[in-house]
Every structure is written in structure tokens, then in C-alpha cells.
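Asker: Please see the structure below; I have some questions.
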Amino acid sequence: MVKIGDIELPDFPLLLAPMEDVSDPPFRALCKEQGADVVYTEFVSSEGLIRNAAKSVMKLDIYEKERPVGIQIFGANLDSMLQTIDIVEKSNPDIIDINFGCPVKKVVSKGAGAGILKDVCLMESLTAEMVKRTNLPVTVKTRLGWDHDSIKIVEVAERLQDVGCKAISIHGRTRAQMYKGNADWKPIAQVKNNPRMHIPVFGNGDVNSPERAMEMRDDYGLDGCMIGRATIGNPWFFKQVKHFFKTGEHLAPISLEERVDAARRHLQMSIDWKGEKLGVFETRRHYTNYFKGIPNFKEYRTKMVTSDDPKDVFDTFDEVLDKFANYQFV
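Mapped onto the numbering used here, the consecutive letters of the sequence shown carry residue numbers 23 to 352.
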């Protein structure tokens with residue numbers, strides 16, 4: 023059993039990573055249905071939240087069926103981050119996660135996200151104060167370091183644990199790498215193998231197949247894995263990994279009917295939550311993977327990602343179901 027504070031999770035839990043414009047309530051709900059053990063919100067700007075920015079406030083919405091769910095926040099100003107804790111607590115999440123890993127320039131330039139990797143002392147003190155502010159478990163998501171020459175993740179993880187962090191998720195790249203090259207899990211294993219560490223250590227980065235998840239578990243000995251890009255348009259990834267763990271075999275391909283049903287439900291939940299315009303727009307990124315592998319699909323994909331009318335998109339789903347009824351996924 024793995025525990026984040028008092029939250030009990032199964033052995034080697036699978037966590038849905040926080041992804042901007044991806045891990046919203048509709049998608050989190052689908053992933054939860056398919057076996058995600060913990061889901062995290064899109065990351066929320068502390069500065070946006072304390073200024074009551076509509077987009078930031080909206081990200082605090084949680085469905086009961088998602089639990090356990092973590093709200094992830096980012097920022098570099100202590101007062102703002104502490105005020106954010108007070109606001110976030112009103113949404114009653116199970117976990118508060120601090121983003122010390124986002125590599126995007128507009129975040130890093132303000133000293134937040136991966137930008138704080140340049141100042142480990144600030145990283146430590148900010149975490150300590152946030153832990154003191156709340157009774158909820160505080161966790162951290164970070165990267166190996168700012169660049170190859172400044173990797174001190176074993177020390178960083180130990181210091182964060184010592185000030186009360188209840189779990190740490192580590193992406194196996196530096197900020198300098200962004201999302202290029204291969205994730206290096208060896209430093210994450212070094213964190214896990216540090217005899218002083220007793221909180222869960224989750225790996226992140228390049229978990230794109232059941233085999234890779236098993237490698238992270240068996241060869242690197244981590245406590246669980248946080249999965250991001252492999253889940254986009256593929257909420258079944260969690261079920262596929264768990265089936266592989268249990269049987270050593272790949273789950274049978276997801277049927278066309280199940281894919282269409284998920285796409286339809288995803289779109290409807292997004293419209294219900296965000297309204298027609300945003301609901302239609304922000305679900306588009308998932309369609310390529312929902313229907314990946316179908317030959318001669320360009321015409322239908324184009325309709326899905328260019329129409330602003332939800333009825334047209336729903337009609338296109340029906341067309342796909344009719345046109346490719348006999349197609350067998352492999």
C-alpha cells in the first residue's frame with residue numbers, strides 16, 4: 023500500500039498528471055473511470071486566483087467521483103501562495119500539489135514552476151510555509167534540475183520531505199531539456215533509494231506503454247507513476263497498464279463503439295462545464311488519439327476539429343460509427 027498522508031492507495035498507483043487545457047474535470051472523470059488512482063487539476067496560477075481571474079477560479083471545480091483529487095498551484099510569491107491555499111481549501115480537494123516543474127517560459131520568467139529550481143532554499147521555505155498553512159497533504163511535482171550541471175534532486179527531495187511534503191513526483195528531464203530527448207529515470211531511482219526517504223516517490227516522463235510502466239515499477243523500484251501525454255485521447259491507458267500488470271498481456275483493443283461513446287461523453291461534459299464555444303474547442307486535441315489508426319480518416323477528423331457547432335461534431339461521431347463499423351483496431 024502507498025499512502026499520501028492519510029490517503030491510502032493501491033500498490034504502484036497510477037496518477038493522471040496535471041496538464042494545462044487537458045486535465046479538466048470532464049477528462050479527469052473519464053480517466054478515473056478507466057483506473058486512474060489519483061487525478062490532478064490543470065495547474066492554477068496563484069496570482070490569477072487571488073485576483074479572482076475567471077479561468078483560474080474555474081479550475082477549482084471538482085467532481086465527487088474524481089476523488090482522490092489534487093489541485094495543483096504554481097507561483098513564487100509566498101504571500102500569494104498562502105492566500106491561494108486558503109482559497110483552494112474551500113473547494114475541498116484531497117491534496118494540494120505545488121508545481122515546481124513547469125518549463126514554459128512565461129511561468130519560469132516569473133520564478134515559478136521550474137524557475138524555482140534555481141533557488142532550492144526558496145523552494146524549501148515556500149513548501150514549509152504552505153505545509154504549515156493547511157491540514158491537507160501537500161505534495162510536489164518537479165524536475166531533475168534546471169540543467170544537466172545543476173541536478174541535485176536527491177538533496178532537493180530530502181529537504182522537501184523534511185519540511186513536510188507528503189509525496190514527490192519527479193519528471194525525468196531538466197528544465198533545459200523542456201520535453202526533448204529521453205526522460206532519465208535513474209536520478210529518480212536514486213531519490214527512492216535514499217535511505218532517508220520515506221514518502222512516496224513517483225516517476226514521470228515517457229511512460230507511454232504498459233511495458234514502460236512496468237519498467238518503472240520493477241527495474242527502477244518507484245512507488246508509482248504519473249502519466250501525462252500518453253493519456254490524451256486515451257483515457258483507457260490506465261486500464262491497459264493495470265491489465266498488463268495483472269496478466270502480462272495487452273488488453274484487447276478498445277472498440278470503435280467505446281471510442282465514440284467516450285468522445286461523445288467527453289464533448290458533452292465539456293460543453294456542460296465550459297459552455298459550447300470552449301467545450302467544443304478544448305476537446306479537439308483528443309480526437310486524433312480517440313480515433314488513431316483508422317485509415318482514410320482525415321475527412322472526419324477535419325470536421326471534428328474545425329466545426330464550431332457541437333451538433334456537427336456529434337453528427338460526425340455518428341458518421342464515423344456508421345462508416346467504420348467493420349473496422350478492427352489492432
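We put the beta carbon where it would ideally sit given N, CA and C, even for glycine.
Which ranges does the beta strand (DSSP E) cover as unbroken runs of at least 3 residues, wholly within the region 185-213, from first to last along the chain?
Answerer: 190-193
Asker: Taking only runs that begin and end inside the region 113-196, name each unbroken alpha helix (DSSP H) of 4 or more residues, in chain order.
Answerer: 127-130, 142-155, 175-184
Asker: Considering only their Cβ atoms, is the gap separating Y309 from A285 smaller than 8 Å?
Answerer: The residue given as residue 285 occupies position 263 in the sequence shown. The residue given as residue 309 occupies position 287 in the sequence shown. In contact: A285 and Y309 (Cβ atoms closer than 8 Å).
Asker: Need the endpoints of the beta strand (DSSP E) that Y62 sits in, please.
Answerer: Residue numbering aside, residue 62 sits at position 40 when the sequence shown is read from its first letter. Here the beta strand (DSSP E) through Y62 covers 60-62.
Asker: Pull up the CB-CB distance for R50 and V130, whole angstroms please, since I reckon it's below 8 Å.
Answerer: Translated into positions along the sequence shown, residue 50 becomes position 28. Translated into positions along the sequence shown, residue 130 becomes position 108. In fact, because the Cβ distance is near 26 Å, the residues do not count as touching under 8 Å.
Asker: How about V60 and G92: do their beta carbons lie closer than 8 Å?
Answerer: As a first step, residue 60 must be located in the sequence shown, where it is residue number 38. As a first step, residue 92 must be located in the sequence shown, where it is residue number 70. Yes, the pair counts as a contact, with Cβ atoms nearer than the cut-off.
Asker: Measuring straight from C-alpha to C-alpha, what distance separates C332 and V282?
Answerer: On the sequence shown, position 310 is the one that residue 332 refers to. On the sequence shown, position 260 is the one that residue 282 refers to. Cys is not the amino acid found at residue 332; the sequence shown has Pro there. Between P332 and V282, the C-alpha separation is close to 15 Å.
Asker: CB-CB under 6 Å to I218, same chain, minus the five flanking residues each way: which ones, in chain order?
Answerer: Here residue 218 refers to the residue found at position 196 of the sequence shown. The amino acid at residue 218 is misidentified as Ile; the sequence shows Arg. So the qualifying residues of the chain are E180.
Asker: State the DSSP-derived secondary structure class of F34, mapped to helix, strand or coil.
Answerer: The residue you call residue 34 lines up with position 12 of the sequence shown. If DSSP states are grouped into helix, strand and coil, F34 belongs with coil.
Asker: Could you tell me the distance, in whole angstroms, from the CA atom of M248 to the CA atom of F259?
Answerer: The residue given as residue 248 occupies position 226 in the sequence shown. The residue given as residue 259 occupies position 237 in the sequence shown. M248 and F259: Cα-Cα distance of roughly 12 Å.
Asker: Bridge partners for Q94 per DSSP, in chain order?
Answerer: Numbered from its first residue, the sequence shown carries residue 94 at position 72. Answer is D119.
Asker: Taking 8 Å as the cut-off, decide whether the C-beta atoms of I95 and I72 are in contact.
Answerer: Here residue 95 refers to the residue found at position 73 of the sequence shown. Here residue 72 refers to the residue found at position 50 of the sequence shown. For I95 and I72, no; Cβs fall outside 8 Å.
Asker: Is the region 225-236 in contact with the region 167-174, if contact means three or more CB pairs nearer than 8 Å?
Answerer: no
Asker: Taking one C-beta from the region 23-39 and one from the region 69-86 each time, how about it: are there three or more such pairs within less than 8 Å?
Answerer: no
Asker: Could you compute how far the alpha carbon of Y312 sits from the alpha carbon of V327?
Answerer: Residue numbering aside, residue 312 sits at position 290 when the sequence shown is read from its first letter. Residue numbering aside, residue 327 sits at position 305 when the sequence shown is read from its first letter. Cα to Cα, the separation comes out at about 13 Å.
Asker: Among V110, K345, D206, which one has its Cα closest to the Cα of R155?
Answerer: Indexing the sequence shown from 1 puts residue 155 at position 133. The candidate whose alpha carbon is nearest that of R155 is V110.
Asker: For A205, which residues from the same chain have a beta carbon less than 6 Å from its beta carbon, with the 5 sequence-adjacent residues on both sides left out?
Answerer: Translated into the one-based positions of the sequence shown, residue 205 becomes position 183. The answer, listed in chain order, is G194, R195, G227, D228.
Asker: Inspect the beta-carbon positions of V126 and G135 and report whether they are closer than 8 Å.
Answerer: Residue 126 sits at position 104 when you count from the first residue of the sequence shown. Residue 135 sits at position 113 when you count from the first residue of the sequence shown. For the 8 Å CB-CB criterion, V126 and G135 form a contact.
Asker: Going by other Cβ atoms of all chains shown within 10 Å of its Cβ, with 16 needed for buried, is D108 buried or exposed?
Answerer: As a position in the sequence shown, residue 108 is number 86, starting the count at 1. The residue is exposed, with fewer than 16 neighbouring Cβ atoms inside 10 Å.
Asker: On the three-state DSSP scale, how would you describe K25?
Answerer: As a position in the sequence shown, residue 25 is number 3, starting the count at 1. Reduced to three states, the DSSP call for K25 is strand.
Asker: Verify whether the separation of the beta carbon atoms of V153 and G123 is less than 8 Å.
Answerer: Locating residue 153 in the sequence shown gives position 131, counting from the first residue. Locating residue 123 in the sequence shown gives position 101, counting from the first residue. Not closer than 8 Å, so no.
Asker: In the DSSP assignment, the alpha helix (DSSP H) including I316 goes from what residue to what residue?
Answerer: Sequence index remark: in the sequence shown, residue 316 carries index 294 (1-based). Run containing I316: none; DSSP gives neither H nor E here.
Asker: Can you grab the Cα-Cα spacing for the pair V213 / G70, in whole Å?
Answerer: Against the sequence shown, residue 213 aligns to sequence position 191. Against the sequence shown, residue 70 aligns to sequence position 48. Between V213 and G70, the C-alpha separation is close to 33 Å.
Asker: Report yes if the CB atom of T338 is closer than 8 Å to the CB atom of Y322, and no otherwise.
Answerer: Locating residue 338 in the sequence shown gives position 316, counting from the first residue. Locating residue 322 in the sequence shown gives position 300, counting from the first residue. Result yes, Cβ atoms of T338 and Y322 sit closer than 8 Å.
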